[in-house]
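What follows is one structure encoded as structure tokens, with my remarks underneath.
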Amino acid sequence: MQAPQEGFNLVKFFTETKEELAKVVWPSRQQLISESIAVMSMVTLVATTIYFVDNLFSWLAGKVFG
């Protein structure tokens, strides 16, 4: 087992970063577009659901406490 090195080695950092980025499996353009659309659709669906549930609870609170 090696002893930990002191200090920060910028060249080693960039070399290791380049090696790690080479291992990344980047999505295709089609996959990126379809997954982005799926994420935006889910965000819109959840935001709309929260909006309607909030309005429902506001209406109910007005009926109960108003």
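Per this note's numbering, the very first residue in the sequence shown carries number 5; after that it's consecutive.
We treat Cβ as the ideally placed atom computed from N, Cα and C, and that holds for glycine.
Straight-line Cα distance separating residue j from residue i
i, j, result
"S62", "F69", "10 Å"
"Y55", "S40", "22 Å"
"V47", "T53", "10 Å"
"T19", "N13", "10 Å"
"V50", "N59", "14 Å"
"K22", "V29", "14 Å"
First and last residue of the uninterrupted alpha helix (DSSP H) at residue i
i, result
"W30", "Note, W30: premise wrong, no alpha helix (DSSP H); not H, not E."
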